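One point on numbering: in numbering that gives the first Met the number 0, the residue at position 359 of the sequence shown is 358, and numbering is uninterrupted.
Even glycine gets a Cβ: it sits at the ideal position worked out from N, Cα and C.
Since the model is a prediction, treat every value here as computed from it, not as a measurement.
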Amino acid sequence: MLNKRKFDLGILIPLLCFAVISLITIYSASTYISATLGNLVFKQVLWYVAGMIFVMFLLRFKNDYLYKNIWLFYGICNLLLLLLLLFAPAINNSKCWFVIPGIGSFQPSEFMKIILILTLGVMIHNFKIKYANPSMKEEFVFLVKSFLVVLLPSVLTFLEPDTGVVIIYLVIYVSMLFLSGIRARWFLIAFFILALLLGGTLGLYFFEKDIFIRLFGTDLFYRLDRIFAWKSGSGLQLENAMAAIGSAGALGHGFNQTPIYFPESGTDFIFAVFASNFGFIGSLALILLIAYFDLKVLSLTKKKIIDTDKYVLVGILGMLVFQQVQNIGMTVGIFPITGITLPFISYGGSSLLSYMVIVGIILNISLERPHHYRHK
Numbered sequence: 000m001l002n003k004r005k006f007d008l009g010i011l012i013p014l015l016c017f018a019v020i021s022l023i024t025i026y027s028a029s030t031y032i033s034a035t036l037g038n039l040v041f042k043q044v045l046w047y048v049a050g051m052i053f054v055m056f057l058l059r060f061k062n063d064y065l066y067k068n069i070w071l072f073y074g075i076c077n078l079l080l081l082l083l084l085l086f087a088p089a090i091n092n093s094k095c096w097f098v099i100p101g102i103g104s105f106q107p108s109e110f111m112k113i114i115l116i117l118t119l120g121v122m123i124h125n126f127k128i129k130y131a132n133p134s135m136k137e138e139f140v141f142l143v144k145s146f147l148v149v150l151l152p153s154v155l156t157f158l159e160p161d162t163g164v165v166i167i168y169l170v171i172y173v174s175m176l177f178l179s180g181i182r183a184r185w186f187l188i189a190f191f192i193l194a195l196l197l198g199g200t201l202g203l204y205f206f207e208k209d210i211f212i213r214l215f216g217t218d219l220f221y222r223l224d225r226i227f228a229w230k231s232g233s234g235l236q237l238e239n240a241m242a243a244i245g246s247a248g249a250l251g252h253g254f255n256q257t258p259i260y261f262p263e264s265g266t267d268f269i270f271a272v273f274a275s276n277f278g279f280i281g282s283l284a285l286i287l288l289i290a291y292f293d294l295k296v297l298s299l300t301k302k303k304i305i306d307t308d309k310y311v312l313v314g315i316l317g318m319l320v321f322q323q324v325q326n327i328g329m330t331v332g333i334f335p336i337t338g339i340t341l342p343f344i345s346y347g348g349s350s351l352l353s354y355m356v357i358v359g360i361i362l363n364i365s366l367e368r369p370h371h372y373r374h375k
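Here it is as structure tokens:
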């Protein structure tokens, strides 16, 4: 029974803090958000409540249910990504969302991240069970299969286009492979091939723009333009966000006192709103809270849990840490602007619900007793 299970307060207390921080920061950002979007604070409360329902559902069915049915979920999520490209309306020149009248939008790629973590966790578990000491050929076959599993949603998501989420897929894949115990030479080979492809592509982008556009089209050219624009520090969004942060001082301008407008203040650039309100000390406190949550998740990998849970935890950590570092980094001008949100803080129904699914998975792992089983 759920009421007899002892929940990990090291997970729940930071989550409660994230919720409070999210709501007060979205409220402050509302000054510059169009009124046509409605009351985003109230909507975020509803998403958090819906997310807790997701958590309770997962606690009742446990992670075994997800592991045993993961290929069904994987197929459904890829089908949704395909349907997006075929039927979804274009919003800001992207087909990333299904619009649900009276409710809002639904972004399948947010859930695909979680599905990919679970799918790879099951694949790695089954591979390690089948091959205690795999040969090079057996590892190669596994790598090809697992790469294809990542490639399918990556292509569909890239076509939306949503490059940021594709990068997250790859971060998840690489972080989980590191834990899988495959030979280090595969990472060296992959790095060499990637360096050649990336070097050739960027060489054309910088020195042969006409050839690049003929080969890859204008869409990819403009996406790279957006990524590399951060080097000059130009652009209304970045300049104003950095001005808001830089003028905040140690204690900030005060709650609901964001001094300057910048786009996406409630989503991609929500950290800039929080930093401008609460200054360096508030920002440092938020970063320490995020680090504490991540370390609590990391500590679960040291428990006597099944290998699948360990792989899943590493995938979750890889995703969360990358998004946290990338979001805060792009806000202060360290990294390119990629449209990646700050987990648990940024406004968004699909993203928040997907993170709450993660919370349910993490809590299940923290509650489970050691046992062994094979996935089918």
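| query | result |
| --- | --- |
| Chain-order list of residues whose beta-carbon lies under 6 Å from that of PHE321 (same chain, five-residue window excluded) | VAL170 |
| First and last residue of the uninterrupted alpha helix (DSSP H) at PHE105 | That residue, PHE105, is in no alpha helix (DSSP H); its beta strand (DSSP E) goes 103–105. |
| At least 3 beta-carbon pairs within less than 8 Å: the segment 360–368 vs the segment 303–318 | yes |
| Any 3 or more C-beta pairs closer than 8 Å across the segment 299–313 and the segment 194–213 | no |
| Pair within 7 Å by beta-carbon distance, PRO428 and LEU219 | This structure gives no information on residue 428, because the portion of the chain shown stretches from 0 to 375. |
| Cβ shell of GLY120 (< 6 Å), same chain only, five flanking positions each side left out | THR307, TYR310 and VAL311 |
| Euclidean distance between Cα positions of MET329 and THR337 | 8 Å |
| Collapsed DSSP secondary structure at SER349 in the structure displayed | helix |
| Under the three-state DSSP convention, the category VAL331 falls into | coil |
| Buried/exposed call for VAL19, threshold 16 Cβ in 10 Å | exposed |
| Spatial neighbours of PHE273 in its chain, beta-carbon cut-off 6 Å, leaving aside the 5 residues before and after | THR24 |
| Own chain partners of LEU285 with C-beta closer than 7 Å, once the 5 adjacent residues on each side are dropped | ILE20 and PHE273 |
| Distance, LEU117 Cα to ASP63 Cα | 11 Å |
| Proximity of ILE188 and LYS112 at Cβ, strictly below 7 Å | no |
| Cβ pair PHE270, ILE357 closer than 7 Å | no |
| Contact check, GLY278 vs ALA249, beta carbons under 7 Å | yes |
| For GLY265 and SER345, the rounded distance between their alpha carbons | 6 Å |
| The segment 52–61 in contact with the segment 78–94 per 3-pair CB rule at 8 Å | no |
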